[in-house]
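So the structure is just underneath, and the comments pick up after that.
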Amino acid sequence: MRSCRRVFCVLLLIGVGTECSQARAVPPYTQHENIVYSEVHGVALVLDVFVPTGAKNGIGIVDIASGAWYSDRGKINDHKKAQMYDIFGAKGYTVFAVRPGSVTKFCVPEMMTHIKIGIRWVKDRARQYEIDPDRLGLTGASAGGHLACLAAVTPDEAANGKPSTRVKATAVFFPPTDFLVYGPLPLDLKSPYTRRLALPIGAPELDDDEMKEKLIQISPARLVTEKAPPFLLIHGDLDFMVPLQQSQVMLDALKKANVPAELIVKKGGGHPWPTIHEEVKVLADWFDRQLITPAAANKTP
Numbered sequence: 338m339r340s341c342r343r344v345f346c347v348l349l350l351i352g353v354g355t356e357c358s359q360a361r362a363v364p365p366y367t368q369h370e371n372i373v374y375s376e377v378h379g380v381a382l383v384l385d386v387f388v389p390t391g392a393k394n395g396i397g398i399v400d401i402a403s404g405a406w407y408s409d410r411g412k413i414n415d416h417k418k419a420q421m422y423d424i425f426g427a428k429g430y431t432v433f434a435v436r437p438g439s440v441t442k443f444c445v446p447e448m449m450t451h452i453k454i455g456i457r458w459v460k461d462r463a464r465q466y467e468i469d470p471d472r473l474g475l476t477g478a479s480a481g482g483h484l485a486c487l488a489a490v491t492p493d494e495a496a497n498g499k500p501s502t503r504v505k506a507t508a509v510f511f512p513p514t515d516f517l518v519y520g521p522l523p524l525d526l527k528s529p530y531t532r533r534l535a536l537p538i539g540a541p542e543l544d545d546d547e548m549k550e551k552l553i554q555i556s557p558a559r560l561v562t563e564k565a566p567p568f569l570l571i572h573g574d575l576d577f578m579v580p581l582q583q584s585q586v587m588l589d590a591l592k593k594a595n596v597p598a599e600l601i602v603k604k605g606g607g608h609p610w611p612t613i614h615e616e617v618k619v620l621a622d623w624f625d626r627q628l629i630t631p632a633a634a635n636k637t638p
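Our numbering puts the first residue of the sequence shown at 338, with every later residue one more than the last.
If you want it as structure tokens, here you go:
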């Protein structure tokens, strides 16, 4: 009898432990995948929404899911590995992971059009998702960081009943920001990849001056105005894919325009680094300071 009781107790403890382990594994958000926010030439543009399972703080974050200017689902999974959605969800943020299309089909100006459509889609549904459309945050990493920077400094104004694409604050990881001077050397204007970023498929050949102008149009560090939102940039000093110089020139441009801006340099950080979730927490805390106020915390959008 005693041995049976012992076996029962052991099984009970195993069951309780398993349930606790499963409970800990449940993320602090519910993920809604592949929501169509627009279409281009009959091709759907999609986003994922990460809705907090706990208390919401009334704030939305637009996350540009792109790496090397590809926006396949793997980029969202990369952000999951960095604990981005866990950290934001635990804080009560609703995150909209916008996929703007990949460089195989679209150039950067076309991706920018898609992102701005996505931002407007989010604002139009602010009541549905219980967020304040006037206090959106914008984030991204690498190519997603570049696109987030570009969207933040080149907003479209409200027109024809459509809301503006302005955001309240932007925080990014290791973004390319200047395609005329990339690290110690200028980019090759004749490079097929450089051309693909700047020009749509089928565009005519351009001379060097024309190509430089196209690259300026996709270089956020060269397009900053005093109307840009506050910025946080986080970059590793051992990043051999996107030089630290790219965040430094963006910081300089923002400060020259008197825009509040900060650069955090991760010592030994590459592209990315194993403990990047620690910096994601820093980024989320920065959004708290920029987007949440005592009055806003009690506001129901």
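Positions of the beta carbon are idealized from the N, C-alpha and C atoms, including for glycine.
DSSP, reduced to helix, strand and coil, places Gly-404 within a strand of the structure shown. Using a Cβ distance threshold of 8 Å, Leu-552 and Phe-510 do not count as a contacting pair. Of the candidates Ala-535, Ala-590, Pro-567, the residue whose Cα lies closest to the Cα of Arg-559 is Ala-590.
By the beta-carbon neighbour count (other beta carbons within 10 angstroms, threshold 16), Pro-537 is exposed. Of the residues assessed, Leu-473 falls on the buried side of the cut-off, its CB having 16 or more other CB atoms within 10 angstroms. By the C-beta density criterion, Gln-465 is exposed, having fewer than 16 other C-beta atoms within 10 angstroms. Buried is the label assigned to Phe-443, since at least 16 other Cβ atoms lie within 10 Å of its Cβ.
Secondary structure remark: continuous alpha helix (DSSP H) runs of at least 4 residues inside the segment 507–582, in chain order: 529–535, 545–553. Per DSSP, Gln-368 is one residue of the beta strand (DSSP E) stretching across 366–377. Along the length of the segment 407–435, whole alpha helix (DSSP H) runs at least 4 residues long occupy 410–418, 421–428, reported in chain order. Using a 10 angstroms sphere on the CB of Lys-505, the tally of other CB atoms reaches 16 or more, which defines it as buried. Of Cys-486, Thr-502, Gly-520, His-369, the smallest CA-CA separation from Val-386 is found for His-369. Membership of Ile-629 in any beta strand (DSSP E) is not indicated, and neither H nor E is assigned to it by DSSP. Per DSSP, the beta-bridge partners of Thr-476 are Asp-400, Ala-508. Per DSSP, Asp-493 lies in no beta strand (DSSP E) and is assigned neither H nor E.
Its chain contains Phe-511, Pro-512, Pro-513, Thr-514, Asp-515, Tyr-519, Gly-520, Ala-558, His-572 as the residues whose beta carbon lies nearer than 8 Å to that of Gln-583, once the 5 sequence neighbours on both sides are disregarded; these appear in chain order.
With distances taken between CA atoms, Ala-480 lies nearest to Ile-452 out of Ala-463, Ile-452, Ala-495. In the DSSP assignment, no residue is bridged to Asp-461.
The way I'd put it, the segment 477–497 does touch the segment 402–419; three or more beta-carbon pairs between them come closer than 8 Å. Inclusion of Asp-576 and Gly-605 in the CB contact set at 8 Å is not warranted, their separation being larger than that value. Counting other Cβ atoms within 10 Å of its Cβ, Glu-547 stays below 16 and is therefore classed as exposed. As DSSP reads the structure, Pro-389 sits in a beta bridge with Tyr-366.
Assignment of Ile-468 by DSSP, reduced to helix, strand and coil, places it in the coil class.
For Thr-476 against Ala-508, the beta-carbon gap comes to about 5 Å, under 8 Å, which counts as contact. Less than 8 Å separates the beta-carbon of Glu-447 from that of Gly-438. Non-local C-beta neighbours of Ile-468 in its own chain, meaning closer than 7 Å and more than five positions away in sequence, comprise Gly-395, Ile-396, Gly-397, Thr-431, Pro-638, ordered along the chain. Val-399 is a Cβ neighbour of Phe-433, given a cutoff of 8 Å.
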